[in-house]
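In the working numbering, the protein residues as written are 43 to 490. Following: one structure in structure tokens, then a few remarks.
So this is what it looks like as structure tokens:
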């Protein structure tokens, strides 16, 4: 690092005696910036060059930790290192794009992408590691996006199912993690020169398949959280030499807080250092595949594969009977996937792989003995379509009771299923009878 940074090294080294900076990004589909600032007060401050990005002070007005706050439960915010927000922030994502996040767990960058897509856009978030895939599913469910499909496929499988399909591909590659030593000191002991070269080999393999999934004119974003030249600039030179890719212009809001490539100038990549930008280490590079990118609105819809079956009329009747007239279901299409009923935006067209799907759109529920049992994911994602809603303010004690799994009371709601909302943000469901609201918030998610 002394060799790389020269006279800047003392400033860089000094950051390692400081605490790691915390950040959050806002899901604007769930909450406005004004509401966030009102609820979190001086605990948050905008990051000027990152859309919907905020520095976070650690606790909020009522001294709750972020993970226990109603707006976190409601998917309005995602905890993410500020530097990790930079790679996605460098692209102006069109609302109807088809996007692939090839190494998606835990889901921060996937959430950034999904927050910019319309209901007709499509994000495929892939994570082959089973335990990390479960974390990715949990975060995507919490954020309430209706159009995200999560898979656990290899990059080779993804490339074979989706040749020339995506408008944008993000590869936030597994790396040696040098840029995270301050935040995660334990990762220092996992570092070795041999591991750097092993990571480089793995990155090349992943990227070779990622390029094949791009449409002509499509955008490839490559990022790591390491300072290693072998995993950064060497990878960029290899990509430009081996594939039909050209450098993609980096916007000024990214250039202004980052450093250029190490060594010879490479215009399409930047380095983020903690002495230049409040966050951990990050590397990012942007490419465009040669050719002309088709308009997302003009692309031909692809019919769902056999993995997704249109719901039977019998099961649809059971769903309507369960929700009575409390939900407006006119903008939702229901399907049967494996043993679940799933919900996707109406007239939504998506190409699904034949296997490896772990989350498809929104899990609406399950059919059990000729009875439909709603899933929390449906209340959470489509709660704004509910007519039987209890709106509570963050300081209402019943919010804490609900998130702790307790039964609450309210005479204003109708009998049957309904949704709890905080600041207009759906938290989850209930089933009301005589003013008593039976709690349907999952045990695994409750504040204890």
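All residues carry an ideal CB built from backbone N, CA and C; glycine is no exception.
- prompt: Which whole-angstrom value describes the C-beta separation of residue 436 and residue 112, a residue pair presumed to lie in contact below a C-beta threshold of 8 Å?
  reply: 5 Å
Q. To which residues of the same chain is residue 432 closer than 6 Å at the C-beta, ignoring the five residues directly before and after it?
A. 452, 455, 462
field: Span separating the alpha-carbon of residue 252 from that of residue 486
entry: 35 Å
Residue 318 versus residue 326: straight-line alpha-carbon distance, rounded = 15 Å
(request) Determine the burial state of residue 231: buried for a count of at least 16 other Cβ atoms within 10 Å of its Cβ, exposed for fewer. (result) exposed
request  = Out of 469, 482, 488, 62, point me to the one whose CA is closest to residue 225's CA.
outcome  = 62
Can the beta-carbon of residue 67 be found less than 7 Å from the beta-carbon of residue 154?
-> yes
- Residues near residue 469 in its chain [Cβ-Cβ closer than 6 Å; skip 5 each side]: 115, 116, 462
Through-space distance from residue 360 to residue 413, alpha-carbon basis: 7 Å
- prompt: How close, in whole Å, do the beta carbons of residue 228 and residue 323 come, if the pair is a contact with beta carbons under 8 Å?
  reply: The Cβ separation is near 16 Å, so there is no contact.
Which residues does DSSP pair with residue 96 in a beta bridge? 66, 88
What residue range does the alpha helix (DSSP H) around residue 79 cover?
75 to 82
| message | Let me confirm a value: residue 387 is counted as buried when at least 16 other C-beta atoms fall within 10 Å, else exposed. Which label applies? | response | buried
For the alpha helix (DSSP H) containing residue 224, name the first residue and the last one.
Looking at the DSSP string, residue 224 is not in any alpha helix (DSSP H), and its letter there is neither H nor E.
key: Rounded straight-line distance, which links the Cα of residue 307 to that of residue 275   = 10 Å
Neighbourhood of residue 179 by C-beta distance below 8 Å, restricted to the same chain and skipping five residues each side
192, 400, 401
| Cα separation between residue 255 and residue 126? | 24 Å
Check: Can at least three beta-carbon pairs, one atom from the segment 298 to 313 and one from the segment 369 to 377, be found at a separation below 8 Å?
Finding: no
| request: Out of 165, 429, 284, 60, point me to the one whose CA is closest to residue 368's CA. | output: 429
In whole angstroms, give me the CA-to-CA distance for residue 290 and residue 490. 47 Å
**Asked** Since residue 482 is in the beta strand (DSSP E), which residue starts that stretch and which ends it?
**Response** From DSSP, residue 482 is part of no beta strand (DSSP E); its letter is neither H nor E.
Exposure of residue 143, with buried meaning 16 or more beta-carbon neighbours within 10 Å: buried
**Study point:** Nearest neighbour of residue 482, chosen from 444, 476, 197, 475 [CA to CA]
**Key:** 444
Going by Cα to Cα distance, which pick from 480, 418, 439 is closest to residue 185?
418
I'd like to check one pair, residue 467 with residue 73: are the Cβ atoms closer than 7 Å?
yes
With a threshold of 6 Å on Cβ separation, who are the neighbours of residue 206 within its own chain once the five nearest residues in sequence on each side are excluded?
257
Point to revise | As assigned by DSSP and simplified to three states, the class of residue 321 | key: coil
Q.
Give the list of continuous alpha helix (DSSP H) stretches no shorter than 4 residues that lie fully inside the segment 327 to 406.
A. 355 to 365
Legend entry - Residue of 93, 92, 122 minimising C-alpha distance to residue 99: 122
Discussion item. Quick check: what's the CA-CA separation for residue 346 versus residue 267?
Written reply: Note that residue 346 has pLDDT 48, beneath the 50 cutoff, so the model's placement of it is unreliable and the number below is only indicative. Near 36 Å, if we compare the C-alpha coordinates of residue 267 and residue 346.
Classification of residue 243 by the beta-carbon crowding that lies within 10 angstroms, buried from 16 upward = exposed
- If we count the other Cβ atoms within 10 Å of its Cβ and call it buried at 16 or more, is residue 332 buried or exposed? exposed
If the criterion is Cβ atoms closer than 7 Å, does the pair residue 238 and residue 129 meet it? no
Find the nearest neighbour of residue 382 within the set 396, 424, 352, 391, judged by alpha-carbon distance. 352
Buried versus exposed, by CB contacts within 10 Å (16 or more), residue 337
exposed
| Check whether residue 310 and residue 328 have beta carbons under 7 Å apart | yes
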